[in-house]
Amino acid sequence: MKIHHLRNATALLTLGEHRLLIDPMLARQGAFTGFKFFGGGRRPNPLVPLPPDTFSWLEEATGVLVTHAHPDHLDTAGLRWIRKHGLPVWTSREEAPNLRKRGLAVRELDDGALGMRVERIPVRHGRGLLARLLGRVSGYYLAHPDEPSVFLTSDAVLTEDLLEAVERLQPDVIIAPAGAANFGVGGDILFSVDELVTLVRRAPGRVVLNHLEALDHCPTTREGLRERMKAEGLLEKVLIPRDGEELHFTRQERASWPTAPGPGSTQERERASLASHTEASAP
181 MKIHHLRNAT
191 ALLTLGEHRL
201 LIDPMLARQG
211 AFTGFKFFGG
221 GRRPNPLVPL
231 PPDTFSWLEE
241 ATGVLVTHAH
251 PDHLDTAGLR
261 WIRKHGLPVW
271 TSREEAPNLR
281 KRGLAVRELD
291 DGALGMRVER
301 IPVRHGRGLL
311 ARLLGRVSGY
321 YLAHPDEPSV
331 FLTSDAVLTE
341 DLLEAVERLQ
351 PDVIIAPAGA
361 ANFGVGGDIL
371 FSVDELVTLV
381 RRAPGRVVLN
391 HLEALDHCPT
401 TREGLRERMK
411 AEGLLEKVLI
421 PRDGEELHFT
431 RQERASWPTA
441 PGPGSTQERE
451 RASLASHTEA
461 SAP
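So for the sequence shown, my numbering puts the first residue at 181; every next one is plus one.
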């Protein structure tokens, strides 16, 4: 399995013969409005450009997976690119009618689709009234017979239902948003850093943290996240890719992946270097 992180939540996910473009936000830097509506700090989004070779890499895509159609997961530039290339778009039954109206060749991502085990996990994008306003969001568990399994949480906060899915499915890799997005009112609409610590502790394998340093309402930085994970004794269990970086995983690696120390533990464990799992493809 390969995760080629591009920017924010956009990535190319290689599972067997499939190369799925995940949640394409392909706009140029500063192309649309800021999301930080209150409290200052509003800036045009995206904050950073795509890596220089992005559109060459995208030629590998065989399909698109859209977890939900918010503009930081499917923007106008992403729509144009998908239509131009005529790729199938995999999404939930609930999201499918909306995307068909936008001229996309939509297929429902149900169990058995793409020749693999699939489970849709409904997740909560914020809390209270704000979560209801943001609408339904789907996480996905994908288990290709020849690859490590992966759980894309999509945009979520920590809930008992989400933790139950992690415990039940035991995904080899979790991909989770780490930006702690906040409109300036109504609380975080993505995992807080404290919630990420809990998620990483409960995860059976690696956790890839994305949705960072690309949008004005996501204050968490890569460096700050690394420092917190290091302080918690969890740093070697997480991967925080740079824009343009590739992460590689094999099924054989699972047995040797580190188990996180329990809460309050200060024991230092020797673990294999994450360099064996990553390959930088951006400067």
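From the three backbone atoms N, C-alpha and C, an ideal C-beta is built for every residue, glycine too.
| Nearest residue (CA-CA) to V244, options L230, D252, P251, G266 | G266
| query | So what does DSSP say about T488, is it helix, strand or coil? | reply | As shown, the chain starts at 181 and ends at 463. That puts residue 488 outside it, with no answer to give.
| DSSP three-state assignment for F235, whether helix, strand or coil | helix
| request: Return the bridge partner residues of P302 from the DSSP annotation. | output: S318
| message | Counting C-beta neighbours from all protein chains within 10 Å, is the total for D326 16 or more, i.e. buried, or is it exposed? | response | exposed
| said: Any beta carbon from chain B within less than 7 angstroms of G413's own beta carbon? | reply: The displayed structure is made up of one protein chain only, and chain B is not part of it.
| field | DSSP state of G243 mapped onto helix, strand, coil | value | strand
| query | Just curious, the alpha helix (DSSP H) that G265 is in, first and last residue? | reply | According to the sequence provided, residue 265 is His. The question's Gly does not apply to it. 256 to 265 is the extent of the alpha helix (DSSP H) around H265.
| query | Anyone know if the C-beta pair for L370 and P357 falls short of 7 angstroms? | reply | yes
| said: Between the alpha carbons of R431 and F217, how many angstroms are there, rounded? | reply: 44 angstroms
| Taking the C-alpha atoms as reference points, what is the distance between L238 and L414? | 32 angstroms
| field | P251 - DSSP class collapsed to helix/strand/coil | value | coil
| task | Have a look at P302 and R280 and give me their C-alpha separation to the nearest angstrom. | result | 21 angstroms
| field | Proximity to N278 [Cα-Cα], best of D252, R260, K264, V246 | value | V246
| If you follow the alpha helix (DSSP H) that N278 is part of, which residue opens it and which one closes it? | 276 to 281
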